[in-house]
Each structure stands twice: as C-alpha cells, then as structure tokens.
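Following: one structure in structure tokens, then a few remarks.
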Amino acid sequence: MRRQLLTARRSGWLPFLLLLSAMLLSLLPTPAFAGAAGGSRGAPSAGSEVEPYRAPDAPVSAAPSAGGAGQMAGELAEEQAGDIDLRQIEQFWDRLKGQYGGYFPDGQVPELKELMFPQGKSWDVKQALGGLARFFLHEVLYSGKLLVTIVLLAVFAMILETMQSAFERNTVSRVAYAVAYMVLLIIAVNSFRTATTYAADAIGNMVQFMLSMIPLLLTLLASTGGLTTVAVLHPLIVFMIHTIGTLIHLVVFPLLFFSAVLHLTSTISDRFKVTQLANLLRSISVGLLGTMLTLFLGVLSVQGATGAVTDGIALRTAKFVTGNFVPVVGRMFSDAADTVLTASMLVKNAVGIAGVVILLFLCAFPAIKILTLALIYNVSAAVLQPLGDTPIVQCLQTIGKTLIYVFAALASVGLMFFLAVTIILTAGNASILMR
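Adding 993 to a residue's 1-based position in the sequence shown gives its number in the working numbering.
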C-alpha cells in the first residue's frame, strides 16, 4: 500500500485521488455524525433512550393519478367537441329523427351531442332495436293491402283460366285472364321499381353522409398524430366511395331490373324463354358487387394498417426524444402532449361512433322496407302455389327473389361504409397505443 501511494505521489495523481475520495464521502449518508451532533448539543438523561435514526419521508409525487388524467382528458375532449363544426352531420341526424323518431319508445331520441357524450341515462341498444321492430311491423301492416290485392287478382285469374274450357268460345275468358295477368305484372314491376328507388336513395344518402363525415374524421385523426394514415386514406377512400355509389346506381341496379323483367317476360309465353340471359345478368351484378366489396375492404385494411404502424413508430420516437433529450421541461411536455392526444382520440371516437349509428339507421330503415316487400311477394307465391303451379306463381317468386338481391346490395354498401369508418377509428387508436 505504501509503495502504491509513493507511486501515485510521484506520478502526480495523489491530489486528484484525495479530491475524488472527499467527494464520494460527502455523498454518503452519515447517521452517526448526526447522532453525535445531537449529543454535543444536549446529552440525554439517564432514564431516556437514544432515538434511532429515521430517514426522512419521501416527498409525495405531484403527478396526477390515472383517474385524474382520464377525467381531465374527458373534459378536454368535450371542450374540443364544442369547437368542432358538426352541422352537416347534425342535419342527417335531425332528418332521421323527423322521419323515424316516432317509432322509438316514447318518441325519445337523443341529440347528437348526447349521442356522442352520454349524460346520465344513455340511449341503449334495446331502444334502437325496439324502434326498428316497430317500423318493421308498421311496414308489414301497411303492405298487407298489397298482399290481399295480389292474392285476389291471382285467384281471379286462376278461376278464369279454369273456366276457359266451359265456354264455347273462350276468347272472352282468355282476354280477361290476360288483363288480370298484366295487372299483376304491372303491380310487380311497380313494386320492384319502388324498392330500387328506396335502395338508390339510401345509397345516395349514405354516400353524401360519408363525404361529410370522412374529412372531419381524418382531420381528427391528423390531430392525434396520424398524418401518414390521413395522407394515404383521404384520396383513396373518397375515390372508392364515389366509385362504389356510381357503379351500384348505374350498373348493379339496372342489371337486376333487366333480369327481373326478362324473367317476367319468360312467364308470358311457353315458346320464347330468356331465363338464361336473365340469370346471366343477375350473376354479373352479384359478382360485381362481391368484387367491389373485396377490393374496398382489402385496400382500406392494408393501407390503414400500414399508415397506423408508421404513425405509431413516429409518435413513439418523438415522445422518447422529447422526454429524454429536452432538458428540464421535456418530460412535462411529453405528458401534456399525451393528455391532448388522448382527448383528441376521445373526440374522434365519439364522432366515429355517432357516425356509425347514423349510418346504420340510414341503411336499416330502407332495407326493412325492401325486405318487407320481398316477404310479401314470397308469402303470396307460397299461398298461391297449392292452387296450381301457374305463371303467376313464378312471377311472384321471381320478384321476391330479385328484391332479396336488391336488399343484399344495399346491405353490402352499408357494411362497406360501416367497416370503412371502423378501419379509420382502429387505425387512429392503434397509432396512439403503439406509442
């Protein structure tokens, strides 16, 4: 040891080592010195005991708890929602309340802000399903007149067809049968036209609603840090919404209409049949609808997932750099940014959930109307079939089946738009959670 000290002294490192040792000793806790200092001020009496050294209590952290941070984010989210322009979305909701609000229990439908941020008793799913069930029963009772008319005309036409052999000259009975059959055809075509009009109007309303809500959702998504997701999805989703609405309105519905007309034409004559062409047109329309559904969901899912991963990595990197390399206020700034991003995410989710509810109602009520018409024609065909497998039964069955395809087209569009909103919300939440 003496040799090492002599070596350090000769090399000039001895003062540095002494200074370093003094610094280390000053950092060590010294309870014995504290007790000695207390004893020098006043020695304890003979009967008293020396109190052991107690470390000072750790200071209470001033950071807010998780519940306080969540409450703060919720209040900030409501303040942000009050500053957002929701007039276009609110117009669709007010229109739905005016048309279908009476079918809900007690006619009580919440306002848009109450739908986004429920206060007190929330509007549950049972009330919504109860309103849809009441609307379905109303449509069934309203369409009962159509069912009675179809059955009476069909029975009258079958009676005329049976009585043809009883007349010496059956020209009059044939003309009467042809007139009754043409009246049935006109009613069937008119019902199908009404159903396609319902579906086209519903798809148009859904397209307009999506074009009103998507820019707002993407803006809120950008406020949460999803810039890459917004840059990828904004032109893509607007283009695909326009394309799908146009193709279904101009291609799918006309193909289904011509298919129904060709099937009805084939029931008039036994010699000239065009059922194969009608089936081909129907298959083309269904295949086109399935292709659009696959492309829409596949492209949006892949692009949304890619953008969410990129945004999540960017947010995590920015948070790490800010919290560790910015002195003094870096961690504070990072925590404040977390609160703001969480509030923006809550606003985005609230707007998205309200949009999903409006979208479902825009699709559900016309779909119930179309489904009711299809049910009426299928029930009519089932009731009349025991009287004979006549062309009238085939006509009613064809209209009922084609109306089911129209219902499927409308439901597919509603499903596409519903999943598009869900993908946007999921992409934004994933990027926030990845940080």
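Cβ atoms here follow ideal geometry from the backbone N, Cα and C, with glycine treated the same way.
- Query: If we ignore side chains and look at the alpha-carbon of each, how far apart do L1210 and L1282 end up?
  - Reply: Near 26 Å, if we compare the C-alpha coordinates of L1282 and L1210.
- If you count every other CB in all the chains shown that lies within 10 Å of the CB of R1264, and 16 or more means buried, which is it? Note on R1264: under 16 other CB atoms within 10 angstroms of its CB, so exposed under the neighbour-count rule.
- Item | Beta-carbon gap between A1360 and F1400 smaller than 8 Å | For A1360 and F1400, yes; Cβs fall inside 8 Å.
- Given a threshold of 16 other Cβ atoms within 10 Å of its Cβ, counted over all protein chains shown, does H1235 qualify as buried or as exposed? Taking all protein chains shown into account, H1235 has fewer than 16 neighbouring C-beta atoms within 10 Å of its C-beta and is therefore exposed.
- Item | Counted within 10 angstroms of its Cβ, other Cβ atoms place F1289 as buried (16 or more) or exposed | Classification for F1289: buried.
- Query: Can you give the beta carbon distance from G1381 to M1206, rounded, assuming they're within the 8 Å contact cut?
  - Reply: With a Cβ gap of about 53 Å, G1381 and M1206 do not count as contacting.
- What are the boundary residues of the alpha helix (DSSP H) that includes Q1084? Unbroken alpha helix (DSSP H) run through Q1084: R1080 to Y1093.
- Task: State the Cα-Cα distance for the pair Q1201 and H1131, rounded to the nearest angstrom.
- Result: Those two C-alpha atoms are separated by around 28 Å.
- Would you check if the distance between the CB atom of M1109 and the CB atom of A1343 is smaller than 8 Å? In this structure, the beta-carbon distance from M1109 to A1343 falls below 8 Å.
- Query: Given V1279, which residues of its chain have a CB within under 6 Å of its CB, disregarding the five upstream and five downstream residues?
  - Reply: Its chain contains no residue whose beta carbon lies nearer than 6 Å to that of V1279 once the 5 sequence neighbours on both sides are disregarded.
- Message: Rounded to the nearest angstrom, what separates T1365 and T1415 at their Cα positions?
- Response: Straight-line spacing of the CA atoms in T1365 and T1415 works out to 29 Å.
- Exposed or buried, what is M1175 when buried is set at 16 or more other beta-carbons lying within 10 Å of its beta-carbon? Exposed, by the Cβ-count rule.
- Query: Can you name the start and end residues of the alpha helix (DSSP H) that P1247 belongs to?
  - Reply: From DSSP, the alpha helix (DSSP H) with P1247 extends over F1246 to S1259.
- Item | Within 8 Å, strictly: CB atoms of F1246 and T1189 | Annotated as proximal: F1246 and T1189, with beta-carbon spacing under 8 Å.
- Message: Taking the alpha helix (DSSP H) that I1234 belongs to, which residues open and close that run?
- Response: Start and end: L1220 to L1240.
- Item | F1354 beta carbon less than 8 Å from that of L1089 | Yes, they are a contact pair.
- Item | Beta-carbon proximity list for L1249, same chain, < 8 Å, skipping 5 on both sides | Correct list, in chain order: T1189, L1274, R1275, S1278, T1395, Y1398, V1399 and A1402.
- Would you mind giving the Cβ-Cβ distance between K1341 and T1217, rounded to the nearest angstrom? I have them listed as a contact below 8 Å. About 6 Å; that satisfies the 8 Å criterion.
- Query: If you run the structure through DSSP and keep just helix, strand and coil, what is V1414?
  - Reply: If DSSP states are grouped into helix, strand and coil, V1414 belongs with the helices.
- Quick one: using the 10 Å Cβ neighbour count with 16 as the cut-off for buried, is E1104 buried or exposed? Around the beta-carbon of E1104, fewer than 16 other beta-carbon atoms lie within 10 Å, marking it exposed.
- Beta-carbon proximity list for G1123, same chain, < 6 Å, skipping 5 on both sides: Taken in chain order, the residues that qualify are P1098.
- If we count the other Cβ atoms within 10 Å of its Cβ and call it buried at 16 or more, is L1134 buried or exposed? A residue is called buried once 16 or more other Cβ atoms fall within 10 Å of its Cβ, and L1134, having fewer, is exposed.
- Using the beta-carbon count (16 or more within 10 Å), is L1418 buried or exposed? Classification for L1418: buried.
- Under 8 Å by Cβ, that's how I've got L1229 and V1292 pegged, so tell me the actual separation to the nearest angstrom. Between L1229 and V1292 the beta-carbon gap is near 7 Å, inside 8 Å, which marks them as a contact.
- Query: Are I1180 and I1143 close, meaning C-beta to C-beta below 8 Å?
  - Reply: Yes, these two residues count as a Cβ contact at 8 Å.
- According to DSSP, is F1202 helix, strand or coil? In the structure shown, F1202 sits in a helix (DSSP, three-state: H, G or I).
- Between the CA atoms of M1233 and S1169 - distance to the nearest angstrom: Reading off the sequence, residue 1169 comes out as Ala, not Ser. Their Cα atoms are separated by approximately 51 Å.
- Under the three-state reduction of DSSP, which class applies to K1362: helix, strand or coil? Reduced to three states, the DSSP call for K1362 is helix.
- Item | Close Cβ partners of L1136 (< 6 Å) along its chain, the five nearest in sequence each way excluded | Inspection of the sequence shows that residue 1136 is occupied by Ser rather than by Leu. Here the set comprises T1365 and I1369.
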